[in-house]
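A.B. asks: Structure provided below as C-alpha cells; questions to follow.
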Amino acid sequence: MSMMQSVFSDDAWSVGEPLIETVRPKGKTPPRDLRRTLSAIFWRHQNGAKWRSIPAELGPWWTAAQLFIRWAKLGVWQALFEQVKGQDPALGMVFLDGTNIRAHHKAAGAAKKGDSENAAMIVKHLAARVEGLAARSA
C-alpha cells in the first residue's frame, strides 16, 4: 500500500472528492494531482511535521504548503469542514490528543491576517470525518 493510499483510502476519496469539488475555488487551470496534494496536507497535519518533511512520494512540499495557505485565506477549509460535518451528524465530535498539541514560540501574539492556525485544526478534524464517512458508506 502506498503512502498516498494510507492517507486517503479509495473509499474516503470517493466520499471526499465531490465535497472538495463543491467548495474549492475554480481557477483557470484545475489543480494537478489534487488527491496527492491534499494527502500531503493531511499527512503533515496528522503527523505534526514541518512542511519540508512531507515525503517526496506525496509531491513537492511547497505545492502542498501553497495550496493549504491559499485555501486557508479563502476560507475553503472551513467551508469543506461544514460540508463534511453536514453529511452525517451521527459522527459526533472529533477528539484531539492533547499530548501532541504544542504552542509555537510566536503563540503569545494576536492572530495575524490570513492566520492559518484555525485552518490547520480544521484539516485535522476533516481527516477523521472523511474516514468516518467512508466507513459508513462502505
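Quick note, the sequence shown lines up with residues 1 to 138 if you use full-length UniProt numbering. Note that beta-carbon positions come from the ideal geometry of N, C-alpha and C, so glycine has one too.
Less than 8 Å between C-beta atoms, sequence neighbours within five positions excluded: which residues of the same chain meet that for residue 8?
C.D. replies: Position 8 of the sequence shown, counted from the start, is the residue given in the question as residue 8. Result list for residue 8: 16, 35, 38, 39, 42 and 130, in chain order.
A.B. asks: Does the separation of the CB atoms of residue 24 and residue 76 fall below 8 Å?
C.D. replies: The residue you call residue 24 lines up with position 24 of the sequence shown. The residue you call residue 76 lines up with position 76 of the sequence shown. Cβ distance < 8 Å, so residue 24 and residue 76 count as in contact.
A.B. asks: Taking buried to mean at least 16 other C-beta atoms within 10 Å of its own C-beta, is residue 132 buried or exposed?
C.D. replies: Mapped onto the sequence shown, residue 132 falls at position 132. Under this definition residue 132 is a buried residue.
A.B. asks: Consider the Cβ of residue 129: report whether some Cβ of chain C lies at a distance smaller than 8 Å.
C.D. replies: The question asks about chain C, but that chain is absent: this structure has only one protein chain.
A.B. asks: Buried or exposed: residue 72, going by 16 or more other Cβ atoms within 10 Å of its Cβ?
C.D. replies: On the sequence shown, residue 72 is found 72 positions in, with the first residue counted as 1. Residue 72 is buried by the Cβ-count criterion.
A.B. asks: Relative to the C-alpha of residue 45, which residue among 31, 65 and 33 is closest?
C.D. replies: What you label residue 45 is simply residue 45 of the sequence shown in a count that begins at 1. Cα-wise, what sits closest to residue 45 is 65.
A.B. asks: Have a look at 18, 87, 118 and 127 and flag the residue whose alpha-carbon is nearest the alpha-carbon of residue 69.
C.D. replies: Counting from one through the sequence shown, the residue named residue 69 turns up at place 69. Ranking 18, 87, 118 and 127 by Cα distance to residue 69 puts 118 first.
A.B. asks: Note down the Cα distance separating residue 124 from residue 29, rounded to an integer number of angstroms.
C.D. replies: For the purposes of this step, residue 124 is taken as residue 124 along the sequence shown, with counting starting at 1. For the purposes of this step, residue 29 is taken as residue 29 along the sequence shown, with counting starting at 1. Each residue's Cα considered, the two are about 27 Å apart.
A.B. asks: Which residues in the same chain have their Cβ closer than 6 Å to the Cβ of residue 51, if we skip the five residues on either side of it in sequence?
C.D. replies: For the purposes of this step, residue 51 is taken as the residue at position 51 of the sequence shown. 61 and 65.
A.B. asks: For the stretch 6-81, list the alpha helix (DSSP H) runs that are entirely contained and at least 4 residues long, ordered along the chain.
C.D. replies: You should have 10-23, 34-47 and 61-74.
A.B. asks: Measure the alpha-carbon distance for residue 11 versus residue 27 and round it to whole angstroms.
C.D. replies: As a first step, residue 11 is located in the sequence shown; it is residue number 11 there, counting from the start. As a first step, residue 27 is located in the sequence shown; it is residue number 27 there, counting from the start. Roughly 27 Å between the two C-alpha positions.
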